[in-house]
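Working notes, beginning with the structure itself.
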Amino acid sequence: MFGKKKKIVTNVEPSQWKEVWRLFCKNKVSVVALIFLCIILFFALFADFIVDYQTIITPNPQERMLGPSLQHLFGTDHMGRDLFGRVIHGARYSLMFGVVCTSLSLFGGCVLGATAAYFGGKVDAWIMRIIDALMCIPYMLLALSLVAAMGSGMESMTIAIVVASVPSFTRMIRSVVLTVVRQDYIEAARSCGVKDRDIIFHHVLPNAIGPIIVNAMMNVAGLIMSAAGLSFIGMGIQPPTPEWGNMLSEATSWMRQSPHMIIFPGLAIVLTALCFNLLGDGLTEALDPRQAER
Amino acid sequence: MGKYILKRLLVVIPTLLFIVFVVFFILNITPGDPGRIMLGTTATQEQVDMLNESLGVNRPLLVRYVDYIWDALHGDFGTSYTFNVPVARVVMPKLPTALRLAILSVCCSALLGIPLGILSAVKKHSLIDNALTVLALFLASVPGFWLGLMLMLWLSLSWGLLPSSGVGTWQHYIMPVMTLALPSAAFISRLTRTTMLDSMNQDYIRTAKGKGARDRRVIFGHALRNALIPVITQLGMNFAGLLGGAMITEIVFGLPGFGNAIVAAIKAKDVPLTMFAVIFLSTTFMLIMLVVDLIYAFIDPRIKAQYE
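Here you go:
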């Protein structure tokens, strides 16, 4: 009735990464997403060698709003700056932002969520009460208020988004850790007198890491889009720094004359977000084959 | 049941105080210079200092917090620095537009998402299911404001079908509603699919099939009823989120909703206005979630049973 029993990978030890990788490679779409992501990463890392940063922030009135051509792959913007160069330099900010924010939120969420789930009782009740109350403030509003308090810019946007994301990360990690904490081997470690800190870092987190990575990967896309949104409304990275959100914001005034100014930076966001989402999907299947049956 | 409702209602009070504290703390940690904002650059420093003194900006944070709560209990949320009228009079006129946008978007996403979700669950792994999966994944990766801009580019600038921004006629709402509803419809359809598949694997579905119920009756009478509960919660969350969270879409389409007001208030450093808008929206969000939870408990006998 149940068909053949599938292998369930919950414990991701170094030796099992091979198995995860094998399962991941079975999903062609995710592999393509990974390749695309590597290409985006390549452009982001070597943006300076491809197009000089100075040339893409200096206005060039002779070449205003040119359409895409061989010389300017994505055309030029209202100040005559090469859009391709701006988009690949923008990749830097978006990727860095997505990865840094996710890592920081993950760290905050791990500390709070794992503590709450592991100790339970009063600690759990208090942490979760505060987290629940914080989650009553809509995400974007919390982020905006924080930006309002700290002023716009890369750092304050990072802090704002991290603080606004920590509650949902905490909740997610707590629920994952809760399922691990109830296992017998944790009880065994406890009865052997292993220190709480060692149990959390050596037994609980390594076993919970799979679902946490998947959720984090899915979150990178969301965070990149939130960041672009904040910059779009003028609350994030300010021009002339080439960031996808503020490029789109500048482009809205010139939509009628040069739609390519809207299309290319937007496509860059969509492509990056799509890659992270597909990667997350692929990892879900690789780390938890039960899901793949769906 | 009464006990459950009472318990939930009692938690609202400390939560509200906490929310107000968090928002107050965030926005007042750097008090800024309200006197300068209100009087403009032409006023002398003495005038500004006097006004700041009379506004009580220099007092300790906790004192100001208690004061704020006390005044708020009397219905006084402060005066906007930029408009110089009570903040509620600036924020409340935005309610109709925001409500209209949120209601229309949630209805559209439910009407699109739920049937499509049922369809992909019933015809699992069919062409339409796979197409919907791809579409949903794509829509999940499109930032709302860019979707809005693309719609504007095609529907209004290229083809001239719809007005690009502002309010006035019902046509003005089509693009903003599409922008907000399409991604959320995609999400709702995925969620419906998952919950439908979950509930179709349950024993009672096998029982229903076993006793010879028709497919339609099994799907709509048994599976859907149980599958819809998480979907309704999600729709409630979407609605609450859209009331204040549609700010970027509002800005793209120039709609006078809460989002536009908040962003303008933040840019003008109008602390009382920002604070009131954020507190108002968070409170609404919390109350809507509470209502959703209560409905949840009401329609699911299993939850109801725990409290009787």
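Quick mapping for you: the protein sequence lines, in order, are chains L and X. Sequential numbering from 0 applies to the first sequence in numbering that gives the first Met the number 0. Sequential numbering from 0 applies to the second sequence in numbering that gives the first Met the number 0. Beta carbons are placed, not taken as given, at the ideal position from N, Cα and C, and that holds for glycine.
Buried or exposed by the 16-neighbour rule on C-beta atoms within 10 Å, applied to residue i
i: Val270 of chain X; result: buried
i: Gln61 of chain L; result: exposed
i: Val84 of chain X; result: exposed
i: His326 of chain X; result: Residue 326 of chain X is absent from the structure shown; chain X starts at 0 and stops at 307.
i: Glu284 of chain L; result: buried
i: Cys191 of chain L; result: exposed
i: Glu249 of chain X; result: buried
i: Asp76 of chain L; result: buried
i: Leu286 of chain L; result: buried
i: Glu45 of chain X; result: exposed
i: Val161 of chain L; result: buried
i: Leu133 of chain L; result: buried
i: Met95 of chain L; result: exposed
Interface residues of chain X facing residue i [CB-CB closer than 7 Å]
i: Asn276 of chain L; result: Leu136, Ala139 and Ser140
i: Phe23 of chain L; result: Going along chain X, no residue has its Cβ under 7 Å from Phe23 of chain L, so there is no contact; the nearest lies around 17 Å.
i: Pro307 of chain L; result: A question about residue 307 of chain L goes unanswered here, because the residues of chain L that appear run from 0 up to 293.
i: Pro258 of chain L; result: Leu152
i: Ala43 of chain L; result: None at all; the shortest Cβ gap to chain X is about 18 Å.
i: Ala318 of chain L; result: Within the shown structure, residues of chain L are numbered from 0 to 293, placing residue 318 of chain L beyond reach of any answer.
i: Ala272 of chain L; result: Ser140
i: Ala227 of chain L; result: Pro142
N- and C-terminal bounds of the alpha helix (DSSP H) containing residue i
i: Lys27 of chain L; result: Lys27 to Leu44
i: Lys6 of chain X; result: Gly1 to Asn27
i: Leu273 of chain L; result: His259 to Leu286
i: Lys194 of chain L; result: First-last for Lys194 of chain L: undefined, no H or E at that position.
i: Gln53 of chain L; result: Tyr52 to Ile56
i: Thr178 of chain L; result: Met153 to Val180
i: Ser125 of chain X; result: Ser125 of chain X -> no alpha helix (DSSP H), and no H or E assigned at all.
i: Ser68 of chain L; result: It is not in any alpha helix (DSSP H) - Ser68 of chain L carries neither H nor E in the DSSP assignment.
i: Lys266 of chain X; result: Phe257 to Lys266
i: Gln44 of chain X; result: Gln44 to Leu54
i: Glu242 of chain L; result: Glu242 of chain L -> no alpha helix (DSSP H), and no H or E assigned at all.
i: Val270 of chain X; result: Val270 to Ile298
i: Glu249 of chain X; result: Met246 to Phe252
i: Gly209 of chain L; result: Leu204 to Phe231
i: Ala180 of chain X; result: Gln170 to Met199
i: Val217 of chain X; result: That residue, Val217 of chain X, is in no alpha helix (DSSP H); it is neither H nor E in DSSP.
i: Leu60 of chain X; result: Leu60 to Leu72
i: Gly147 of chain X; result: Gly143 to Leu150
i: Leu133 of chain L; result: Gly120 to Leu133
i: Leu161 of chain X; result: Segment: none, Leu161 of chain X is in no alpha helix (DSSP H) and carries neither H nor E.
i: Thr206 of chain X; result: Asp202 to Gly209
i: Leu140 of chain L; result: Tyr138 to Met149
Contact list for residue i against chain X, beta-carbon separation under 8 Å
i: Cys100 of chain L; result: Here the premise fails: no neighbours, minimum Cβ distance about 16 Å.
i: Met254 of chain L; result: Leu148, Met151, Leu152 and Leu156
i: Thr251 of chain L; result: Leu148 and Val251
i: Leu247 of chain L; result: Phe144, Trp145 and Leu148
In DSSP terms, what residue i is bridged to
i: Asp81 of chain L; result: L:Thr75
i: Pro85 of chain X; result: X:Thr78
Under 7 Å by beta carbon: chain A residues contacting residue i
i: Ile28 of chain X; result: Note that chain A does not occur in the displayed structure, where the protein chains are L and X.
Closer than 9 Å at the beta carbon, the chain X residues around residue i
i: Val269 of chain L; result: Phe137, Ser140, Val141, Pro142 and Trp145
i: Phe231 of chain L; result: Pro142, Phe144, Trp145, Ile247, Ile250 and Val251
i: Ala163 of chain L; result: Correct list: empty, because the minimum Cβ distance to chain X is about 11 Å.
Neighbour list for residue i in chain L, Cβ cutoff strictly below 8 Å
i: Phe186 of chain X; result: What Phe186 of chain X touches in chain L: nothing, since even the nearest Cβ is about 12 Å away.
i: Val22 of chain X; result: Ile136 and Ser144
Amino acids of chain L, ordered along the chain, whose beta-carbon sits closer than 7 Å to that of residue i
i: Thr178 of chain X; result: The premise fails here: Thr178 of chain X is roughly 12 Å from chain L at the closest Cβ pair, so nothing lies under 7 Å.
i: Phe17 of chain X; result: Ala132
i: Ile25 of chain X; result: Ser144, Leu145 and Ala148
i: Thr14 of chain X; result: Ala132 and Cys135
Contact set between residue i and chain L, taken where Cβ atoms lie within less than 9 Å
i: Val273 of chain X; result: Reading off the sequence shown, one finds Thr at residue 273 of chain X, where the question assumed Val. By Cβ distance, chain L contributes Leu143, Ser144 and Ala147.
i: Thr232 of chain X; result: Neighbours of Thr232 of chain X on chain L: none; closest Cβ ~14 Å, over 9 Å.
Mind listing which residues of the stretch 235-264 of chain X have their C-beta closer than 8 Å to chain L's C-betas, in chain order? Ala239, Gly240, Gly243, Gly244, Met246, Ile247, Ile250, Val251, Ile261 and Val262
Interface positions of the stretch 276-299 of chain X facing chain L (Cβ-Cβ less than 7 Å), listed along the chain: Val277, Leu280, Ser281, Phe284 and Met285
Using a Cβ-Cβ cut-off of less than 9 Å, list which residues of the stretch 148-160 of chain X approach chain L; keep chain order. Leu148, Met149, Met151, Leu152, Leu156 and Ser157
Taking a cut of 8 Å between CB atoms, which residues from the stretch 126-138 of chain L lie near chain X? Ile129, Asp131, Ala132, Leu133, Cys135, Ile136, Pro137 and Tyr138
Mind listing which residues of the stretch 191-224 of chain L have their C-beta closer than 7 Å to chain X's C-betas, in chain order? Ala220 and Met224
Closer than 9 Å, Cβ to Cβ, to anything on chain L: give me those residues from the stretch 210-222 of chain X, in chain order. none
Residues of the stretch 87-120 of chain L with Cβ closer than 8 Å to any Cβ of chain X, in chain order: none
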